[in-house]
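Just below is one structure, and these are the notes that go with it.
Numbering (the numbering used here), first residue to last: 2 to 268.
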């Protein structure tokens, strides 16, 4: 599946997981009697053990521990297992299996301020991505309306920048619903204020097309200084195309304004 859409949310949730590693028992093998963990252990103990095993490179042990914990209803273990299937990481890549697990997380819902909120929001984004593209040779077909609704839920209820960005793109092109440049700009602006370089660049491109050339160039130029590798090529192509048709005055103004945007994303 397209992993790029999941990465921002994975980083957010992994921040929670990384806090576990400082106090987990080192050098124990999965379900070794000395590890103190067995398939009868509690779900959180299995999750911790799976996470540590993964960090140590013992991915088959991690999968086993995550599976037992997932069977006991542990949301974080379901999330980790789904990601491994989606990425083909320690298991054969299987998007349909990942889709099923993400669906279980989404269907279970989440209580306000729950520790599972990050996992739930990540599942919504993953499902939206699958519905947007479909899974070949499976019952999961392209459903742009459903994808747009899921992105809207993750964007509005949880403020996830990647969901805000993808929602803005869909509104801009009319995927899964009507075209709304005004709404697209709103969501892209929120995402870029939350540090999303792709949203910053696309927001700038819209401004440029609307005639606000200098300001549009500024956002497109600033986005290049923050872009992840997956977005740099198309951001650079958009910026260079706009730069080539802009007036010399707008170019100078755009470059000058970009210096401020780099240090003040809320500008």
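Heads up, the beta-carbon is just placed ideally off N, CA and C, and yes, glycines get one too.
All figures in this text were calculated on a predicted structure; none of them were measured in a lab.
Taking 8 Å as the threshold (C-beta atoms), are residue j and residue i in contact?
| i | j | result |
| --- | --- | --- |
| residue 106 | residue 121 | yes |
| residue 190 | residue 204 | yes |
| residue 200 | residue 165 | yes |
| residue 243 | residue 218 | yes |
| residue 118 | residue 159 | yes |
| residue 207 | residue 187 | no |
| residue 259 | residue 228 | no |
| residue 133 | residue 125 | no |
| residue 51 | residue 70 | yes |
| residue 236 | residue 247 | no |
| residue 192 | residue 169 | yes |
When you compare each of the options to residue i by their alpha carbons, which one comes out closest?
| i | options | result |
| --- | --- | --- |
| residue 116 | 185, 77 and 124 | 77 |
| residue 215 | 114, 169, 156 and 245 | 245 |
| residue 148 | 134, 156 and 129 | 129 |
| residue 65 | 40, 196 and 97 | 40 |
| residue 81 | 67, 72, 74 and 136 | 67 |
| residue 211 | 73, 176, 183 and 109 | 183 |
| residue 72 | 93, 54, 89 and 48 | 48 |
| residue 74 | 231, 46, 56 and 256 | 46 |
| residue 94 | 255, 112, 136 and 150 | 136 |
| residue 79 | 44, 89, 54 and 53 | 44 |
| residue 250 | 230, 234, 262 and 213 | 213 |
| residue 196 | 254, 173, 180 and 220 | 220 |
| residue 99 | 123, 53, 38 and 37 | 123 |
| residue 261 | 240, 232 and 226 | 226 |
| residue 255 | 231, 234 and 202 | 202 |
| residue 96 | 231, 42, 131 and 53 | 131 |
| residue 104 | 37, 157, 253 and 151 | 151 |
Got a sec: does the ligand GTP put a non-hydrogen atom nearer than 7 Å to the Cβ of residue i?
| i | result |
| --- | --- |
| residue 81 | Among the components of this structure there are no ligands whatsoever, and the ligand GTP is therefore not found. |
**Request:** Report yes or no: do three or more beta-carbon pairs, one from the stretch 55 to 64 and one from the stretch 73 to 92, lie closer than 8 Å?
**Result:** yes
**Asked** Would the stretch 130 to 141 and the stretch 157 to 164 be scored as touching if the rule is three or more Cβ pairs under 8 Å?
**Response** no
**Request:** Could you tell me which uninterrupted alpha helix (DSSP H) segments, each at least 4 residues in length, are contained entirely in the stretch 90 to 174, listed from first to last along the chain?
**Result:** Annotation: the stretch 90 to 174 contains the following complete segments of the alpha helix (DSSP H) (minimum length 4 residues), in chain order: 96 to 109, 118 to 134, 145 to 159 and 162 to 174.
**Length-filtered (4 minimum) alpha helix (DSSP H) runs lying within the stretch 204 to 268** = 214 to 225, 230 to 246 and 249 to 264
**Asked** At which residue ranges does the stretch 36 to 86 contain complete alpha helix (DSSP H) runs of 4 or more residues, listed in the order of the chain?
**Response** 44 to 56 and 60 to 72
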